[in-house]
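Report on one structure; see the data block that follows.
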Amino acid sequence: MAEDLQKQNQINIELTEEVAEGEYANLAMIAHSSSEFVIDFIRLMPGVPKAKVKSRIVITPEHAKRLAAALADNIRKFEDSFGEIKQAQETPSFPMNFGGTVGEA
Numbered sequence: 001m002a003e004d005l006q007k008q009n010q011i012n013i014e015l016t017e018e019v020a021e022g023e024y025a026n027l028a029m030i031a032h033s034s035s036e037f038v039i040d041f042i043r044l045m046p047g048v049p050k051a052k053v054k055s056r057i058v059i060t061p062e063h064a065k066r067l068a069a070a071l072a073d074n075i076r077k078f079e080d081s082f083g084e085i086k087q088a089q090e091t092p093s094f095p096m097n098f099g100g101t102v103g104e105a
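Here it is in structure tokens:
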């Protein structure tokens, strides 16, 4: 009976070859409203004045909080295995504003 319940709760996730290759991004811009978070993953290249949004993900506030917790947990596990992740002191400055509250990652 427990096995049947487990089968009912499983989700079959398909990962196409194109998506499996991934997309490189070195900047994330985050905006939110009362009902959703919008995360733009951007590739910023040195010396190039134009950066491209490579992917936009829209999620609910509840899922944003779960994502933040999952990232924090995975960063802790990574640092436990490989040591502290060093952060550059230099923070890029961007004249970008999506008209709302914005964060950078």
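With full-length UniProt numbering applied, the sequence shown covers 1 to 105. Ideal Cβ placement from N, Cα and C applies to all residues, glycine included.
| Helix, strand or coil at residue 33 [DSSP, three-state] | coil
| request: Compute the Euclidean distance between the alpha carbons of residue 84 and residue 74, then round it to the nearest angstrom. | output: 12 Å
| message | Could you tell me which whole alpha helix (DSSP H) segments of length 4 or greater appear in the region 2–89? | response | 2–8, 17–20 and 61–82
| said: Here's a check: name, in chain order, each residue in its chain whose Cβ is nearer than 8 Å to the Cβ of residue 79, leaving out the five neighbours to either side. | reply: 85
| query | Of all the options 45, 38 and 21, which has the alpha carbon lying nearest to the alpha carbon of residue 65? | reply | 38
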